[in-house]
Structure formats: structure tokens, C-alpha cells
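For the sequence shown, the numbering used here puts the final residue at 170, and the numbers step up evenly by one.
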Amino acid sequence: MALLPILTLPDPRLRIKAKPVEQFDADLRRLVDDMFETMYKSNGVGLAATQINVQQRIFVMDVSDTRDQRICVINPEIISREGKQYENEGCLSVGGGAYDRVERAYKVRLRAQDIEGKPFELDATELMATCIQHEIDHLDGILFIDRLSKLKQERIRKKIEKSQKLENRE
Ligand code: GNR
Ligand code: NI
């Protein structure tokens with residue numbers, strides 16, 4: 001097991017669109033184990049491969065309070081969406097303490113493959129639905145801040161710039 005470094009803004013690699021997984025092998029299992037370890041250590045509810053500089057369509061999530069409900073999602077596709085919600089979102093790749101409400105579907109039906117390549121479907125609402133949409137965005141090179149107003153994006157950009165300047169001074 002290994003803790004993987006998480007890319008943060010303004011890293012351009014966060015903008016690369018990930019490619020479908022074709023090989024369901026031991027390397028993939030190791031990668032997914034490392035992604036879970038990295039997600040748990042960072043206290044995230046989800047982590048997409050793009051965030052650890054792997055351009056493949058994989059994400060992991062655990063939205064449980066007990067942190068023992070692992071879901072590994074490969075080659076995800078949202079096959080239906082219903083309703084709207086506005087959950088407060090943050091992102092391990094955005095930093096600067098930035099978070100805001102983002103419009104998302106309230107309910108989604110996910111079609112994906114598991115670690116063995118076996119297809120499955122999953123219905124999700126609320127936080128899990130938000131997380132699924134947030135992680136699929138990562139795989140397409142999209143960050144939650146892209147879905148905010150230009151004014152809010154500018155505020156967040158400045159906040160990140162400021163916190164990075166402070167870090168560089170230390
Ligand atoms: O830890 C995370 N929390 C979160 C809260 C609301 C909506 C989405 C998320 S995902 C985020 C971890 C992360 O950046 N995943 O890509
Ligand atoms: Ni994120």
C-alpha cells in the first residue's frame with residue numbers, strides 16, 4: 001500500500017480527460033488499494049484517478065460515517081438523472097479552504113464496472129449522487145469551481161494564490 005500525492009490547482013494535469021480502463025489485472029487492484037488509502041488518509045469522501053495523475057476512468061468513494069463502505073467505480077456512466085440539489089462541495093485538488101454549493105442532479109443511476117470488470121448499476125441520492133457527479137467531472141478534466149459563477153471562480157483563484165504564497169514563505 002502506498003499514499004499517493006494529490007495534484008492541486010493550478011496543475012494542468014487536472015484538465016486531462018481520462019481514458020477507459022481495458023485491463024482488469026493485479027496492477028489495477030494495487031492502484032485502487034492505493035487510491036482508497038490516499039482517500040481515507042485525506043478524509044475525502046471520493047477520489048478520482050485524475051487527482052493522482054493517472055489518466056484512467058477510475059474513482060473510489062465512501063460516503064459512510066463509519067468509513068467502511070468502499071465503492072470502487074471503473075468506466076462510469078450516468079444513465080439517468082432526476083431532480084436537483086445544491087450540496088456544499090469541496091475538493092482535495094482545489095484547496096485554499098474553498099467550498100461552495102453546486103447544482104447537481106438529486107438522484108442518479110450509475111452504470112460501471114467493478115474491480116473484476118463485472119458490470120453493475122447503482123442508484124444514488126444526496127451526498128453519494130453529488131460525489132458520483134463530482135468524481136466523473138474529474139475524469140473529464142472538470143472541477144467543481146468551473147460550475148460556479150465567474151465572480152466566485154475569481155474569488156477562489158485569489159484565495160488559492162494567497163494561500164500558496166503563504167506556504168512558499170514558510
Ligand atoms: O472529500 C470530498 N468531499 C466532497 C463533499 C461534497 C461533494 C464532493 C466531495 S468530493 C471531496 C473529495 C474530492 O475532492 N474528490 O474528488
Ligand atoms: Ni475533487
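Think of the CB as a built atom: it goes at the ideal place given N, C-alpha and C, for glycine as much as any other residue.
All figures in this text were calculated on a predicted structure; none of them were measured in a lab.
Beta-carbon gap between residue i and residue j smaller than 8 Å
| i | j | result |
| --- | --- | --- |
| LEU122 | LEU139 | no |
| LYS17 | ASP100 | no |
| GLN177 | VAL108 | It is not possible to answer for residue 177, since the shown part of the chain is limited to 1 through 170. |
| PHE144 | GLU77 | no |
| ILE58 | THR38 | no |
Between the CA atoms of residue j and residue i - distance to the nearest angstrom
| i | j | result |
| --- | --- | --- |
| PHE120 | ILE79 | 12 Å |
| LEU92 | GLY44 | 7 Å |
| VAL32 | PHE24 | 11 Å |
| ASP68 | MET35 | 14 Å |
| GLU82 | ARG169 | 47 Å |
Start-to-end residues for the beta strand (DSSP E) that takes in residue i
| i | result |
| --- | --- |
| GLU82 | 71-82 |
| ARG101 | 99-104 |
| LEU127 | That residue, LEU127, is in no beta strand (DSSP E); its alpha helix (DSSP H) goes 126-139. |
| ARG111 | 107-113 |
Short CB-CB distance (under 8 Å) between residue i and chain C
| i | result |
| --- | --- |
| ILE16 | Any reference to chain C falls outside this structure, which holds one protein chain only. |
Neighbour-count burial assignment, residue i, 16 or more Cβ in a 10 Å radius
| i | result |
| --- | --- |
| ASP62 | buried |
| PRO10 | exposed |
| GLU14 | The amino acid at residue 14 is misidentified as Glu; the sequence shows Leu. Buried: at least 16 other Cβ atoms inside 10 Å. |
| GLU167 | exposed |
| ARG104 | buried |
| GLU116 | exposed |
Where the alpha helix (DSSP H) containing residue i begins and where it ends
| i | result |
| --- | --- |
| THR38 | 26-41 |
| ALA49 | It is not in any alpha helix (DSSP H) - ALA49 carries neither H nor E in the DSSP assignment. |
| LEU166 | 150-169 |
Review point. When the Cβ atoms of the region 157-167 are set against those of the region 66-80, are three or more pairs found closer than 8 Å?
Key: no
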